[in-house]
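According to our numbering, the sequence shown holds residues 44 to 484 in order.
C-beta: ideal position from N, C-alpha, C; glycine also.
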Amino acid sequence: MDDDKKIIREHTFKTWSKQSSWEPIIVTSSRGVYFYDSNGKKYLDFSSQFVNVNLGYGNERVINAIKEQLDTLQYINPSFGAVVRAKATKALLEVMPKNLTKFFFSTSGTEANEAAVKVSRLYKKPSYKILARYRSYHGSTEASISLTGDYRRWFVEPNTMPGVVRFPEPYCFRCPLKLKYPECNLACANYVDYIIKQEKNVAAIIVEPITGTNGVIVPPKEYMPLLWKIAKENDVLFIADEVMTGWGRVGEWFAVNLWNIQPDILTTAKGASASYVPIGITAFNKEIGEFFEDHIFAHGHTFEAHPVSLAAIPAVIEEYKRLNLLSHVKVMGEYLGKRLLELKERHKSIGDIRGIGLFWAVELVKDKNNTPFGDYEDKYEGKPTVVDIISKKALEKGVYVYNGPSWLIISPPLIINKEEIDQGIETLDEVIKEADSAFKD
Ligand code: PMP
C-alpha cells in the first residue's frame, strides 16, 4: 500500500491544489454510506464525495446493469443508435421537466455546460453573451471556468472565453448589494433585466438553481421564478446547471421542480449515474431540438453517449423510485436540518445554517460581524482556513466532509438513515470546537 501511495503521489496530480502538501489516503473498498482505507479504517461519507455518490456505495442493481452492458456492447460510435441509448432516453423523458425532450450525453458536468453554452450560441446567433453569477462554479475547462464566477476563474485570466457578463447572487447572509430580504424586493434578480437590456446580444443566462460549491445558497422563494420570467420576457435562454442539485438531492428530481419552472436547457451529471460511471447530460427544449433538423449540431466527442455510461441511467432512476428516495430525502432532510440547527445553538462560530433536502451548508464565522475564516484565495494558495482544518479533523475521526473556505457542505448519500446522520453530527459537534476557539468575542 505504501507503494500505491508513492506512485500516486509522485506520478499523478491532485487537482486544484499545490502538490507539496498532498498525502493521499489509499481507499480500498466501500459499502452503503461508508468507505474504507488500506488500514481498514472506516469513514462515513457525510458529503457523497463531491455531492455525487447519491445512491451510496455498492448498489448491486446498478452494478449489474453496467456489467450487463459491458457484456453486450461496450462501445459503438455515437452515430449508431445503441439500444441502451433508447432505454436511457425513455427513462429520462419520464423524470425530466416535460419541456426538455432532446438530450446530448457526455461524460461530466463540465462537458454538459460546454455543450449548453455552445449550442445556445449556435441557436441564438448572432447573440453570444452569457450571463452568469459571481458565486458560481460551472466546470474547469476554459469555457466552463469562464462561466464560473468564483476565485477559480482567475487561474485562467486573461484567457477566458469572451462574452461572459456577471451578475450578483441571492446570498442573503452577506448580500452583495448590502440589502435585506424581503425589503430588497429582489433587487439582485431585477437588476438582471437591466443588464440584459444594456448588454444586448445576450444568448443565455446560466445559474445553479441552488448554488453548490460556493456555499449551498438557497434563494428566496420568489427569486428563481422571477429570474426565469425576466429571461423569458427578454427572449434569452435559461440554463439551469443542475449538476449538483439534480437527482433527488433537494427532495425533487430536479431543483427547478421546487418552483415549477421550465428551463430551456438543463445540465446535469453526478447523480445521473450516482457516480457508478462518468456521465454528463445536456437536456434541451423542443424548439432547440427542432432547430437542428436543418442546422448543424456542431459538437461531439468519441465517448459521447457511451453505452456503459448510458446503462447506468435507467438503473439509477429505477433505484431512486424503488427506494422511494424523493420522500426519504424530504424526511431525512428535515431531520438533518433540525440536527444542524441544534449545532448552531451550541457553537458561537456557526454563523448560518442553510439548505434543503440532503443539501446543507454550515457557514462558520470568526466574529460577531460574521467575518469569514477565509476565502477561496486562501484555500487555493495553500493557506488552509480553520474550516479546512475542521474537515481534516473530522476525517481523522472517520467522517468525510467536503468544504469551502468558510463553510462545510453536508450532503450525505440519499440512502442515509437517522443513526448515520447522528454519527456525522456528533463528530461535527466535536470538531467545530476548533472554530469556536478561534472565534473573537
Ligand atoms: N456545475 C456544477 C454546479 C458543479 O457543482 C460541478 C462540479 N462540482 C460542475 C458543474 C462540473 O462538473 P464536473 O466536475 O463533473 O465536470
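Take Lys461, set aside five residues on each side of it, and the residues of its chain with a beta-carbon closer than 7 Å to its own are Tyr378, in chain order. Set against 7 Å, the gap from the CB of Thr325 to the closest heavy atom of the ligand PMP is not smaller.
Within the region 90 to 135, the complete alpha helix (DSSP H) segments at least 4 residues long are 91 to 94, 103 to 115, listed from N- to C-terminus. DSSP places Tyr214 in the coil class of the three-state scheme, outside both helix and strand. With the rule of 3 Cβ pairs closer than 8 Å, the region 111 to 131 does not count as touching the region 370 to 385. Judged by beta-carbon spacing, Ile248 lies within the 8 Å limit of Leu174, meaning their Cβ atoms are closer than that value. Not one heavy atom of the ligand PMP is found less than 7 Å from the C-beta of Met267.
Burial state of Arg365 is exposed, judged by a 10 Å Cβ sphere holding fewer than 16 other Cβ atoms.
By alpha-carbon distance to Phe89, the top candidate from Ala108, Ile452, Gly314 is Ile452. Sixteen is the threshold: since fewer than 16 other Cβ atoms of the shown chains lie within 10 Å of the Cβ of Ser64, the residue is exposed. Under the DSSP assignment, Ile239 falls in the alpha helix (DSSP H) whose first and last residues are 230 to 242. For Ala404, the secondary structure class from DSSP, reduced to helix, strand or coil, is strand. According to DSSP, residue pairing for Thr254 in a beta bridge involves Ile260.
Collapsing the DSSP output to three states places Leu457 in coil.
Around the beta carbon of Asp114, a 10 Å sphere encloses fewer than 16 other beta carbons of the protein chains shown; the residue is thus reported as exposed. Counting only beta-carbon distances shorter than 6 Å to the non-hydrogen atoms of the ligand PMP, the qualifying residues in chain order are Phe93, Ser151, Gly152, Thr153, Asn156, Tyr180, His181, Gly182, Glu251, Gly255, Thr256, Asp284, Val286, Met287, Ala312.
Taking a C-beta distance under 8 Å as the contact criterion, Val138 and Ala317 do not qualify as a contact pair.
Between Pro448 and Asp479, the C-beta gap is not smaller than 8 Å, which leaves the two residues out of contact.
Within the same chain, Ser90, Gln92, Phe93, Val94, Ser434, Leu451, Ile452, Ser454 come within 8 Å of Tyr445 by CB-CB distance, once the 5 residues on both sides are set aside.
Annotated three-state conformation of Pro357 is helix, per DSSP. Closest in C-alpha terms to His344, from the list Thr144, Lys85, Ser149, Ser352, comes Ser149. For the pair Pro252 and Glu212, the CB atoms are not nearer than the 8 Å cut-off.
Within a 10 Å sphere around the beta-carbon of Arg292 sit 16 or more other beta-carbons, which makes this residue buried. Three or more Cβ pairs closer than 8 Å define a contact, and the region 140 to 155 meets that threshold against the region 176 to 184. Here DSSP, grouped into helix, strand and coil, assigns Tyr319 to coil.
In chain order, Val127, Pro350, Val351, Ala354 place their CB closer than 7 Å to the CB of Gln112, counting only its own chain and leaving out the 5 sequence neighbours on each side. With three or more CB-CB distances shorter than 8 Å, the region 214 to 233 counts as touching the region 265 to 285. When C-alpha distances from Ile356 are compared across Gly101, Lys313, Glu200, Asn142, the shortest belongs to Lys313. For Lys167, the number of other beta carbons within 10 angstroms of its own is at least 16, and it is reported as buried. Distances from the CA of Lys48 to each of Val70, Ile396, Leu220 were compared; the closest alpha carbon is that of Val70.
The alpha carbon of Val372 has as its nearest neighbour, out of Phe198, Lys391, Gly400, the alpha carbon of Gly400.
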